Amino acid sequence: MTTLARFRNFSYWYPETDAAALLGLDLDIGDGFTLLTGSSGSGKTTLLRALNGLVPHFHGGKARGEAELLGQDLRRMTPRQMATNVSLVFQEPEHQLVLPVVEQEVGFGPANLGCSAKEVRRRVEDALATMEIGHLAGRRVSAISGGERQRVAIAGALAMEPSVLVLDEPTSQLDEQGARALRQQLERLLGLGISVVAADHRPHRLPGAVDQLIPLSSGRLVAAQDPPEWPARVSGDRPYGEVAWATDGLAVGHRLPILEEIRLQCRRGEVLAITGANGVGKTTLLRTLAGLLPPLAGSIERLPGRMAYLPQDPGALLHQPTVLAEVAQTTKWLGLDCTPMPLLQEFGIEQLLRRDPRDLSTGQRQRVALAAILVGNPPVVFLDEPTRAADQSAREMLVRALDHLAERGAAVTVTTSDHEFADQVGDTVLVAEERNVRPRRRAAG
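Under our numbering, the first residue of the sequence shown is numbered 37, with each subsequent residue one higher.
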């Protein structure tokens, strides 16, 4: 086995934090396929960032111990050396996409490595074809879905033709087609001798043959554990109340319809789950239902009162210096007379009250954002991809939280590419496809 990375008594602290994100790691990472496991906040993302120098070069902070990459001291390697050898795809791909058009974005890395225009074009075409998104080449990044952006980010990493590909939750927003394309491509790259290091809460969507398993907890190496059992389905026998919102002949899109002739409703006490492939229009539909986009045709009737909305990117909601301040800001803006602590405990983030949300993992930030919008029991709730980067325990917390909201009379609408989650929480499960929305047959079991 060839050693790609070597850590000896390695510890790392993010700036202005007391707790180490990685603590005393003694670890060799070899070639082939390496899978990192652990709950949100366990240190997986920090270790992946260390593999391409973002830790400590970009994030700053404090590092102790030894760290080597491809035989060189990680802290002495130049950014160009690291970029030439290692490509990293972030948990939140929208944070690494910098150019306005998809083909420009995918070609950005090779162009910065000094590749000729002809070579850049070849790499862009190959990477887009690999991820089965050639049809997006001329599209604006701002006009494609979160799952499509994730595939664009992966294509951009592949276009760098690295010797090591590092992926942080690469399937978190992918539909089944995207996950299948990624798995096939990773298997091909591994066959060509390119090494892959990945962390994913749904590892069954990645290649099945793992050369090295690295379980982490609180920044330390731990013994591998069996995954927790899938949470039981909610009862689905709650009594429904009045209609919270209803559409008639609704068409949604940007200038041109993506989905049309939609006739839906959601009642108080109901969880409505809408699933479908990446780019089919789920987010556009949800934003229109929530009043954030105007309908292109048809109508929407809504009950008056507060509505809560969670976007795909939880960072878009988080601007306060601490977790507690984020949730307290909602109560202040809305004049709510309630304590947020029960909700913080329900989402398992009460121990993070003094932490800066920007220093948390994506899964933890997702829970903070959920707590910030759900405090005070809003009567109408819209959630876009709420399981993004969520580990199994966070998914279980979310299942229970949505059940509790519905029991208290909230009308909850969820859009998700995660069919399992849709079947888990939805009293009614619909699929968006072929320009419309229709009932979806539940998965067996």
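Ideal placement from N, C-alpha and C gives every residue a C-beta, glycine not left out. On a predicted model such as this, the values are computed, not experimentally measured, just so you know.
With C-beta atoms as the reference, is residue i less than 8 angstroms away from residue j?
{"i": "Leu222", "j": "Leu210", "result": "no"}
{"i": "Arg476", "j": "Val461", "result": "no"}
{"i": "Ser76", "j": "Ser397", "result": "yes"}
{"i": "Leu58", "j": "Leu83", "result": "yes"}
{"i": "Ile169", "j": "Arg187", "result": "yes"}
{"i": "Gly399", "j": "Asp420", "result": "no"}
{"i": "Leu353", "j": "Phe418", "result": "no"}
{"i": "Gly351", "j": "Glu128", "result": "yes"}
{"i": "Pro236", "j": "Thr207", "result": "The question names Pro, but residue 236 in the sequence shown is Asp. Against a cut-off of 8 angstroms, the Cβ pair of Thr207 and Asp236 comes out as a contact."}
{"i": "Val473", "j": "Trp281", "result": "no"}
{"i": "Ala195", "j": "Val142", "result": "yes"}
{"i": "Ala468", "j": "Gly312", "result": "yes"}
{"i": "Ala173", "j": "Leu164", "result": "yes"}
{"i": "Leu295", "j": "Arg471", "result": "yes"}
{"i": "Met167", "j": "Ala191", "result": "yes"}
{"i": "Thr482", "j": "Asp204", "result": "As shown, the chain starts at 37 and ends at 481. That puts residue 482 outside it, with no answer to give."}
{"i": "Thr423", "j": "Phe383", "result": "no"}
{"i": "Pro251", "j": "Ala245", "result": "no"}
{"i": "Pro146", "j": "Val137", "result": "no"}
{"i": "Pro115", "j": "Gly89", "result": "yes"}
{"i": "Tyr50", "j": "Asp463", "result": "no"}
{"i": "Pro414", "j": "Arg342", "result": "yes"}
Per DSSP, residue i forms a beta bridge with which residues?
{"i": "Gly289", "result": "Pro293"}
{"i": "Glu337", "result": "Ala282"}
{"i": "Leu124", "result": "Val202"}
{"i": "Ile298", "result": "Leu286"}
{"i": "Gly66", "result": "Thr39"}
{"i": "Arg176", "result": "Val137"}
{"i": "Tyr345", "result": "Phe418"}
{"i": "Pro475", "result": "Leu466"}
{"i": "Asp211", "result": "Beta-bridge pairing links Asp211 to no other residue."}
{"i": "Val232", "result": "Phe69 and Leu201"}
{"i": "Asp392", "result": "None; Asp392 has no bridge partner."}
Below 8 angstroms on the Cβ atoms is my contact criterion, and I expect residue i with residue j to pass it. Report the Cβ-Cβ distance as a whole number of Å.
{"i": "Ile65", "j": "Ala41", "result": "4 angstroms"}
{"i": "Val200", "j": "Asn121", "result": "6 angstroms"}
{"i": "Thr451", "j": "Thr319", "result": "6 angstroms"}
{"i": "Val134", "j": "Phe126", "result": "Not confirmed; about 12 angstroms, so no contact."}
{"i": "Gly60", "j": "Arg256", "result": "7 angstroms"}
{"i": "Val435", "j": "Ala442", "result": "In fact, because the Cβ distance is near 11 angstroms, the residues do not count as touching under 8 angstroms."}
{"i": "Thr367", "j": "Gly327", "result": "Thr367 to Gly327, Cβ: 22 angstroms. No contact."}
{"i": "Ala215", "j": "Arg241", "result": "4 angstroms"}
{"i": "Val482", "j": "Leu438", "result": "The requested residue 482 is not part of the displayed model; the chain covers only 37 to 481."}
{"i": "Ala103", "j": "Phe43", "result": "5 angstroms"}
{"i": "Glu362", "j": "Pro331", "result": "In fact, because the Cβ distance is near 31 angstroms, the residues do not count as touching under 8 angstroms."}
Indicate the three-state DSSP secondary structure (helix, strand or coil) for residue i in the structure shown.
{"i": "Ile409", "result": "helix"}
{"i": "Ala480", "result": "Residue placement at Ala480 cannot be trusted, given a pLDDT of 48 that sits under 50; what the coordinates show is reported in the next sentence. The answer is coil: DSSP assigns Ala480 none of H, G, I, E or B."}
{"i": "Arg256", "result": "strand"}
{"i": "Gly101", "result": "strand"}
{"i": "Phe94", "result": "helix"}
{"i": "Gln387", "result": "helix"}
{"i": "Leu58", "result": "strand"}
{"i": "Asn88", "result": "coil"}
{"i": "Gly312", "result": "strand"}
{"i": "Pro136", "result": "coil"}
{"i": "Leu466", "result": "strand"}
{"i": "Asp162", "result": "helix"}
{"i": "Arg436", "result": "helix"}
{"i": "Ile250", "result": "strand"}
{"i": "Arg274", "result": "coil"}
{"i": "Ala446", "result": "coil"}
{"i": "Asp454", "result": "coil"}
{"i": "Arg44", "result": "strand"}
{"i": "Leu372", "result": "coil"}
{"i": "Gln108", "result": "strand"}
{"i": "Arg303", "result": "strand"}
Contact between the segment 223-243 and the segment 55-70 (3+ Cβ pairs under 8 angstroms):
Put simply, the segment 223-243 touches the segment 55-70. At least three CB pairs are less than 8 angstroms apart.
Does the segment 92-111 come close enough to the segment 282-293 to have 3 or more Cβ pairs within less than 8 angstroms?
No: the two stretches stay apart, fewer than three of their Cβ pairs being nearer than 8 angstroms.
I want to know whether the segment 340-349 touches the segment 357-365 - three or more CB-CB distances under 8 angstroms.
Pairwise C-beta distances place the segment 340-349 out of contact with the segment 357-365, as fewer than three of them are shorter than 8 angstroms.
Does the structure place the segment 274-282 close enough to the segment 399-408 that three or more beta carbon pairs sit under 8 angstroms?
Judged by Cβ distances under 8 angstroms, the segment 399-408 makes no contact with the segment 274-282, as fewer than three pairs qualify.
Three CB pairs or more closer than 8 angstroms across the segment 372-384 and the segment 325-337:
Contact fails: fewer than three Cβ-Cβ distances are below 8 angstroms.
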